[in-house]
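A.B. asks: Submitted below is the structure of interest, expressed as structure tokens.
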Amino acid sequence: MENFLRKYGWALMLGVIGVGALLLALTANNILASQLAPFTVPELPEMQQVAPRPARASQSKDWDRTIAKLCLFGCEDNAPVEECPGGCPDGQECQAGQCLPVQDQAVDSGLPTLSDLNMQLMGAMVASNPEFSMALLRDESSDATMIMSTGDFIQGTIEIIEIRRDRILLSRGGRTEYMLMNQTLGGAPTSATRTSGVTRPRAAAKALAPTLGKAPRVNSATQGAVKKVSDNQYELKRGALDKQLNDPKALAEQGRIAPNFKDGKRDGLKLVGLSPNSVYSQLGIQSGDVLQSVNGKKIDTTSQAMDLFEQFKSSGEVTVEIERRGQKKRMQYKIH
């Protein structure tokens with residue numbers, strides 16, 4: 001026996017170690033199981049048996065009537081129609097069993113109608129960019145002259161939506177109106193033109209061709225009416241100046257006014273195409289100058305440009321701020 005233990009003692013030792021390891025593992029497993037018991041997912045409850053689905057009822061033969069009762073496409077109005085016995089005479093219609101006169105409905109053709117504003121279209125300048133187009137209007141009630149452009153408002157509510165060569169289109173109260181130019185630049189047609197209705201090509205070309213080498217006409221009354229005191233100070237005579245300001249057509253021929261934009265926003269009004277002997281040039285204004293303000297009031301729209309002329313008519317001293325080649329400059333005018 002002793003020899004047996006000596007020979008196989010190591011095997012018995014391994015068996016004891018294995019049994020001890022097994023017992024230790026089972027003990028550790030039981031301890032972990034007791035700690036993890038609260039997190040164990042409960043067993044699913046037993047499913048109740050669902051009652052068998054009843055057999056589908058046989059399709060009714062009256063399926064068309066069933067669909068009609070559902071009113072999928074609207075039901076007919078079965079309310080009794082109240083008719084007028086004997087009918088209604090002409091100009092009347094039956095309503096709720098009574099003959100009532102037919103009310104005329106306003107028909108909107110969508111076409112522009114002639115405006116009834118107490119204003120006169122004196123002139124128009126059409127540019128390739130509609131924002132630069134301008135119209136010269138005279139208010140007959142106040143005898144005031146205005147330079148307007150597309151998007152400006154007349155009397156605060158009437159918007160100018162388009163400017164053409166012979167008319168302007170207005171948006172007034174949801175409808176479109178138009179105002180025609182009363183006089184064309186060529187004046188009233190002659191008897192020969194009215195009779196034949198055809199203008200000779202050579203005569204028409206001569207009449208429409210621009211006059212080269214000649215500046216637009218200037219009222220001779222302003223000659224000598226402006227005295228230059230310094231580079232930015234001028235003295236003007238009231239009488240001669242009023243005569244020139246009362247001729248808006250001549251002012252429009254001597255230069256053009258266009259909105260000036262800076263960083264995508266309106267910034268004053270630019271004067272372009274000024275002739276050397278125009279009123280603007282006599283006042284020290286050069287072509288390309290940008291009008292910024294008049295007597296401290298900023299000018300951004302063409303409708304405000306007439307404030308400059310109104311200030312000349314009513315004030316004894318006018319200060320105009322301009323921008324010339326990026327430099328600010330003030331022009332002072334004394335009127336006596």
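Numbering (the working numbering), first residue to last: 1 to 336.
Glycine included, every Cβ here is placed at the ideal spot set by N, Cα and C.
Counting Cβ pairs, one atom from each stretch, are 3 or more of them under 8 Å apart for the region 277–289 and the region 221–241?
C.D. replies: Yes, the region 277–289 is in contact with the region 221–241.
A.B. asks: Three or more beta-carbon pairs under 8 Å between the region 235–245 and the region 254–264, yes or no?
C.D. replies: The region 235–245 vs the region 254–264: no contact.
A.B. asks: Let me check understanding here. Comparing Cα to Cα, which of I322, Y8 and K249 lies closest to K298?
C.D. replies: Comparing Cα positions, the closest option is I322.
A.B. asks: Considering only residues of the same chain and omitting the five flanking positions on each side of D166, which have a CB-CB separation below 8 Å?
C.D. replies: Correct list, in chain order: A124, L180, M181 and T184.
A.B. asks: My output table needs one value for Q304: the three-state DSSP class, helix, strand or coil.
C.D. replies: In this structure, Q304 counts as helix in the three-state DSSP scheme.
A.B. asks: Check whether chain C comes within 9 Å of R172, counting only Cβ atoms and requiring the distance to be less than that.
C.D. replies: Here chain C cannot be found, since the structure has a single protein chain.
A.B. asks: Going straight from the alpha carbon of L274 to that of R325, what length do you get?
C.D. replies: Computed Cα separation, rounded: 16 Å.
A.B. asks: V279 lies in the alpha helix (DSSP H); which residues open and close that run?
C.D. replies: Segment V279 to Q282, the alpha helix (DSSP H) holding V279.
A.B. asks: Roughly how many angstroms lie between the CA atoms of I335 and L241, to the nearest whole one?
C.D. replies: When rounded, the distance between both Cα atoms is 9 Å.
A.B. asks: Taking all protein chains shown into account, decide if L136 is buried (16 or more other Cβ within 10 angstroms of its Cβ) or exposed.
C.D. replies: Looking at its Cβ environment, which holds 16 or more other Cβ atoms inside 10 Å, L136 is buried.
A.B. asks: Between the C-alpha atoms of L111 and R175, what's the straight-line distance to the nearest angstrom?
C.D. replies: Taking the straight line from one Cα to the other gives about 9 Å.
A.B. asks: Here's a check: name, in chain order, each residue in its chain whose Cβ is nearer than 7 Å to the Cβ of S287, leaving out the five neighbours to either side.
C.D. replies: Cβ neighbours of S287 beyond the five flanking positions: L271, V272, G273 and L274.
A.B. asks: Taking C-alpha atoms, which residue in L291, S230, L36 and M119 lies nearest to Y333?
C.D. replies: Among L291, S230, L36 and M119, the Cα nearest to that of Y333 belongs to S230.
A.B. asks: Would you kindly work out how many angstroms separate the C-alpha atoms of D289 and N129, rounded to a whole number?
C.D. replies: Answer to the nearest angstrom: the Cα atoms are 20 Å apart.
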